[in-house]
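In our numbering, the protein residues as written are 41 to 130. In what follows, a single structure is set out as structure tokens and then discussed.
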Ligand SMILES: [Zn+2]
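Okay, structure coming up:
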């Protein structure tokens, strides 16, 4: 949560911070952003299956899928419509 404090919404055309669940119901998280003028998604994840923390750096496309580099679990974000409305309170 701390690394993003210096960023501002205006710098990014897409930003998300979502809980993802494993089939067993364990929680992980995907934090991802795309800079204005870039097609690359950057961010980090916590894998719900194995608990690994990893970096995201991949082409931005929908639906968003991030593969855990530790256990190959595929984290998937289904609907993104509401994400843009979220505002961080600092
Ligand atoms: Zn994993």
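The C-beta atom is built at its ideal place from N, Cα and C for all residues, glycine as well.
Among the options, the one whose alpha carbon lies nearest that of residue i
i: residue 53; options: 76, 80, 115; result: 76
i: residue 107; options: 101, 100, 99, 116; result: 116
i: residue 112; options: 50, 85, 80; result: 85
i: residue 202; options: 81, 67, 50; result: Absent from the structure is residue 202, since the part of the chain shown begins at 41 and ends at 130.
i: residue 99; options: 70, 74, 60; result: 74
i: residue 94; options: 78, 70, 79; result: 70
Bridge partners - residue i, DSSP secondary structure assignment
i: residue 81; result: 74, 98
i: residue 67; result: 61
i: residue 56; result: 72
Where residue i falls, given that 16 or more other Cβ within 10 Å makes a residue buried
i: residue 114; result: exposed
i: residue 58; result: buried
i: residue 56; result: buried
i: residue 88; result: buried
i: residue 65; result: exposed
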